[in-house]
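Report on one structure; see the data block that follows.
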Ligand code: ADP
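Numbering (the numbering used here), first residue to last: 49 to 223.
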């Protein structure tokens, strides 16, 4: 299964596309969004301005500018309330729609952060489970050749992703 778990700063990765856990304005924010805009430079914000925002769970693609990645796929994750407001479906949509955008742009490698698990408050374990089960399900359905990196920002998250991958019966790999 072409799913890899790595511990890294997503802005350093030379993949075809990195995914930005954006907000619906697409005008930048904190966390991974802020880090991506800082490295990409002001041209990214300019291109984002022209997109007119993005609905939660949908995805829009831009160039990567000064990032080593060619493209950035911006997807606003759900703000976690109590899990009873459709958050799981919206979060799964983020992954699926990002993968669709990557395919449309003929990407072979894509890297995801743990969408919604920072400021948006999604419990990390549930967010990681949705990430891995949605991506593996999509890759099986489409038989796509994409290599998908799940980028963990610390070793605890990396450990969690690896244990969920094992519990799903998926054999991933490092790096
Ligand atoms: P959200 O608003 O969707 O919760 P955040 O950016 O606050 O998004 O956090 C999403 C996840 O991205 C968190 O797990 C956070 O630790 C992680 N993260 C933050 N900065 C980076 C980075 N530079 N590279 C990879 N992951 C990051």
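Cβ atoms here follow ideal geometry from the backbone N, Cα and C, with glycine treated the same way. Here the structure is a predicted model, which is why all the values come from computation and not from measurement.
Whole-angstrom distance between residue 200 and residue 70, CA atom to CA atom:
Cα to Cα, the separation comes out at about 17 Å.
Which ranges does the beta strand (DSSP E) cover as unbroken runs of at least 3 residues, wholly within the region 145 to 192, from first to last along the chain?
Segments of the beta strand (DSSP E) lying fully in the region 145 to 192: 157 to 160.
According to DSSP, is residue 63 helix, strand or coil?
When secondary structure is reduced to three states using DSSP, residue 63 falls in the coil class, being assigned neither helix nor strand.
Between 116, 139 and 90, which has its C-alpha nearest residue 66's C-alpha?
Nearest of 116, 139 and 90 to residue 66, Cα basis: 116.
For residue 133, name the three-state secondary structure that DSSP assigns.
In the three-state reduction of the DSSP assignment, residue 133 falls in the coil class.
Hey, would you say residue 108 sits closer than 8 Å to residue 74, going by beta carbons?
For residue 108 and residue 74, yes; Cβs fall inside 8 Å.
Pair every Cβ in the region 152 to 159 with every Cβ in the region 180 to 196, then say whether three or more of these pairs are closer than 8 Å.
When C-beta atoms of the region 152 to 159 are compared with those of the region 180 to 196, three or more pairs fall below 8 Å, so the two segments count as touching.
Hey, how far is the Cα of residue 151 from the Cα of residue 119?
In this structure, the CA atom of residue 151 is about 12 Å from the CA atom of residue 119.
Could you give the residue range of the beta strand (DSSP E) that holds residue 119?
Counting along the chain, residue 119 sits inside the beta strand (DSSP E) bounded by residues 119 to 124.
Check each candidate in 128, 95 and 169 and name the one with the smallest Cα separation from residue 111.
Out of 128, 95 and 169, 95 has the C-alpha closest to the C-alpha of residue 111.
Can you name, in chain order, every residue of its own chain whose Cβ lies under 7 Å from the Cβ of residue 181, other than the five neighbours on each side?
If you ignore the 5 residues before and after residue 181, its C-beta comes within less than 7 Å of the C-beta of 216, all in its own chain and listed in chain order.
Could you tell me if the beta carbon of residue 146 falls within a distance shorter than 7 Å of some heavy atom in ligand 1?
Checking the Cβ of residue 146 against ligand 1 gives no.
Cutting at 7 Å between CB atoms, please list the residues of its own chain near residue 63, excluding the five before and the five after it.
Within the same chain, Cβ atoms closer than 7 Å to the Cβ of residue 63 are found at 117, 157, 158, 159 and 197, the five residues on either side in sequence being excluded.
Indicate the three-state DSSP secondary structure (helix, strand or coil) for residue 110 in the structure shown.
In the structure shown, residue 110 sits in a strand (DSSP, three-state: E or B).
So, helix, strand or coil for residue 209, using DSSP?
Helix.
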